[in-house]
Amino acid sequence: MESQWSDADAGAAVERWGAEHGEDLALRTYTSRLLGADPALVLHGGGNTSVKRTVTDRYGDDVDVIAIKASGYDLATVPPEGHVPVRLEPVRRLRAFDELDDAAIVNELRLALLDHAAPTPSIETPVHAVVPHRFVDHTHADAVLALTNQAGGEDLVREAMGADVIVVPYVFPGFELAHAVAEGLEAQPDAIGMVWLKHGVMTWGATARESYERMVDLVTRAEDFAASRSGTTPGASPPPAWTQDEGSGRAATLARVAPVVRGALARRTGDPDRPYRRVVLEAVTDADVVAALAAPDAQERLVTPPLTTDHLIRTRLSPAWLELGPDALAGDEALADAVADALDAWTMRYAAYVQRHRDRLPEDVTPFEPSPRIVAVPGVGLLCAGQDAADARIVADIARQTVRAKTVVTAMGGTYESVPDDHLFDMEHRPLQHAKLRAAVDPPLAGQVVLVTGAAGAIGSGICDGLLADGAHVVATDLAGDALDSLVATLDAEAPGRAVGVPLDVTDPASVAEAFAAVARRWGGVDGVVVNAGLAHVSSLAEMDLEAFRRLERVNVDGTLLLLRQAANHFAHQGTGGDVVLVSTKNVFAPGAGFGAYSATKAAAHQLARIATLELAPADVRVNMVAPDAVFSHEDRPSGLWAEVGPGRMKARGLDAEGLEAYYRDRNLLKARITATHVARAVSWFLQRPTPTTGATLPVDGGLPDATPR
Ligand code: ZN
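Going by the working numbering, the sequence shown opens with residue 20, and the numbers climb by one from there.
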């Protein structure tokens with residue numbers, strides 16, 4: 020690998036941050052981000068960096084501190100404030116103790132902060148503090164781990180790294196490691212860096228650049244050594260014949276398998292109204308990863324513990340292995356059985372591991388859900404599960420890098436070896452790690468993937484906004500074009516990573532099927548469908564143009580039918596129930612003259628939804644309706660329906676646009692202006708399932724006695 024140091028960028032960093040934070044912290048920030056930007060060095064929150072400096076305290080006295088990355092910051096994006104100053108002397112004095120647990124270390128670190136409200140410094144602060152050099156960089160670089168995590172790794176590392184690098188045997192990260200590092204450095208003070216077996220690599224230097232470039236140098240030594248030892252290209256065997264990707268064969272298999280895996284990974288809550296806490300999937304389908312999964316004895320080599328114990332909280336002990344032969348793919352039942360068997364095998368293996376070490380479980384730690392985070396599917400890829408899309412992405416990134424590193428071990432002719440089982444258990448149940456994951460309370464629609472049709476319109480965009488605010492993952496669908504693209508850009512800014520756009524023509528069965536397949540490939544499946552796309556047309560029956568009527572039938576009736584049909588099949592396939600909300604209209608109950616095409620076709624859609632309640636209830640699919648009165652716009656999105664209807668209505672009543680809105684407001688009991696946000700709340704309410712309700716219609720109209728559902 021090459022150094023990414025640039026004098027211009029370093030100068031820019033000093034210009035930007037130097038005046039406020041000092042040149043050394045500005046450059047510390049710059050090279051930390053260089054490390055964080057390279058997934059071969061650092062993944063999501065992994066690694067840490069520090070700089071020792073002197074600051075002036077409130078009394079005007081000089082204080083030696085170590086500014087170290089605080090937990091919760093990612094090296095890729097760390098701001099200068101992300102390195103918090105800790106008094107160096109008290110941290111160094113901790114060496115006087117032979118043992119200290121994490122809680123005691125955190126206590127001492129917090130007492131040594133200069134700002135009592137600062138975030139907690141990295142638990143590896145004592146390790147950085149014992150290094151006498153100013154800048155210290157630590158990563159879990161894959162190339163180094165590929166050497167350290169093999170039988171005979173110590174010899175390989177010594178040979179690859181040379182005499183100026185210290186090699187430290189595996190010890191528990193934290194306090195024990197600080198002792199080992201201090202002793203290593205005392206024995207070999209001229210070393211430029213250090214490899215910690217089965218953990219990672221550390222470098223140091225007098226300047227940010229020196230420490231960073233030593234990291235690049237050591238990782239390059241590891242890469243070159245591995246390359247010199249690998250006679251063959253890793254994972255060169257072709258995938259099994261049945262998954263050869265003729266056109267979209269592999270993509271189709273992924274779309275079919277992912278919902279079944281996602282359904283099987285959903286946690287059973289025991290609450291009959293909300294029986295599942297679902298996961299979101301991210302698939303890793305890179306060609307080299309797929310090839311590695313298909314290689315001989317891949318299962319034996321890849322169903323192994325992670326590269327570093329850091330990864331345990333994300334990936335768990337090992338991946339599940341789902342082998343899908345032609346038999347398993349022959350029918351839906353066979354596929355569901357194969358998935359269940361694969362997950363059962365994992366669960367049994369995991370339960371045995373927990374059982375073996377149960378005496379080591381700390382009192383205040385609840386073990387994780389016994390369910391895998393990675394399901395390896397030869398011929399398809401890695402299906403990686405998270406609480407949400409961002410979490411799944413982290414698991415996927417780690418899983419991809421892990422397969423690559425293990426493949427390097429194989430290519431070198433080595434045998435992969437992780438840290439001992441009991442240490443894995445200790446690290447997986449380390450209270451500190453669990454505290455990291457203890458997030459705030461889940462939002463009401465956490466883990467739910469909801470597809471909205473007609474999303475680019477006023478009501479549709481309002482529904483998307485509302486669902487994102489309630490924590491859902493939103494699939495915004497509409498006809499391809501600028502309206503959809505600009506909506507998705509807005510939604511993604513609102514809730515990064517939780518909104519995707521999928522072009523969809525609701526009148527085309529193939530388009531409907533492809534939209535669901537696209538979501539299955541992206542996030543694993545769909546849990547809620549909001550049937551919202553609709554068209555309006557103003558005409559008396561006497562003057563009705565048949566083609567105009569049929570156009571409404573295609574969108575409002577056929578479109579609803581196709582969505583219901585696809586949703587029914589998808590929900591059955593996924594096996595965790597589901598929800599449908601139809602955006603109906605008050606016209607179903609109180610039709611308007613001159614509005615026959617709309618009222619009749621929406622009534623047909625409404626009736627189809629009522630039939631769906633009857634047919635889908637046994638599979639725990641709830642179907643409900645929301646019946647709004649006129650919504651004119653949502654933010655800057657005017658209602659397409661009212662663009663069609665408004666002018667005629669205004670003319671008929673002699674009103675301008677404002678007057679028309681006032682007219683609609685005044686006709687309801689509450690004198691309420693109906694907004695897309697109101698409709699969104701009603702939709703979200705049904706999706707949250709607070710009551711055992713299906714087949715209900717919730718009016719969102721301010722109270723219109725003649726439109727009350729009956
Ligand atoms: Zn580490």
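Glycine is no exception: its CB is placed at the ideal position from the N, C-alpha and C atoms.
Alpha-carbon spacing of residue i relative to residue j, whole angstroms
i	j	result
P151	A465	47 Å
L128	W36	25 Å
T426	T716	56 Å
D511	G79	47 Å
P278	P709	25 Å
T696	G481	5 Å
F608	R672	22 Å
A409	G516	7 Å
D445	F590	39 Å
D720	V600	17 Å
T632	A624	13 Å
A555	D598	26 Å
V187	W215	5 Å
A165	G520	39 Å
V299	T226	43 Å
V760	L273	The structure shown has nothing for residue 760, since the chain only spans 20 to 729.
E388	E447	12 Å
R72	R233	20 Å
D264	Y295	Residue placement at D264 cannot be trusted, given a pLDDT of 48 that sits under 50; what the coordinates show is reported in the next sentence. Distance between the alpha carbons of D264 and Y295: 34 Å.
A418	R275	21 Å
C403	V538	15 Å
S530	R228	53 Å
L133	G91	19 Å
A477	T694	9 Å
T48	G203	27 Å
A587	L635	7 Å
P315	P397	11 Å
Q207	R286	51 Å
H653	A662	13 Å
Whole-number beta carbon distance between residue j and residue i, since they are thought to touch under 8 Å
i	j	result
D156	L54	6 Å
R281	G543	4 Å
P140	A89	5 Å
S703	D497	So it is not a contact: roughly 20 Å between Cβ atoms.
A430	S658	The Cβ separation is near 60 Å, so there is no contact.
D648	K605	5 Å
Buried/exposed call for residue i, threshold 16 Cβ in 10 Å
i	result
R423	buried
H135	exposed
L105	It should be pointed out that residue 105 corresponds to Val in this sequence rather than to Leu. So V105 counts as buried.
L331	buried
V545	buried
T288	exposed
L688	exposed
F116	exposed
A31	exposed
Q374	exposed
N126	exposed
S69	buried
Coil, strand or helix - residue i by DSSP
i	result
M221	strand
W24	coil
P647	strand
Y617	helix
N575	helix
A89	strand
M563	coil
S141	coil
Q263	Bear in mind that the predicted position of Q263 carries a pLDDT of just 43, short of 50, making it too unreliable to give a figure here.
V146	helix
M431	coil
E382	coil
S390	coil
V59	The sequence shown places Ala at residue 59, not Val. Reduced to three states, the DSSP call for A59 is coil.
T252	In this prediction, T252 has a pLDDT of 40, which is less than 50 and means its spatial position is unreliable; nothing more can be read from the coordinates.
E533	helix
A726	helix
G714	coil
P657	strand
Q169	strand
E53	Looking at the sequence provided, one finds Leu at residue 53 rather than Glu. Looking at L53 - three-state DSSP - the assignment turns out to be helix.
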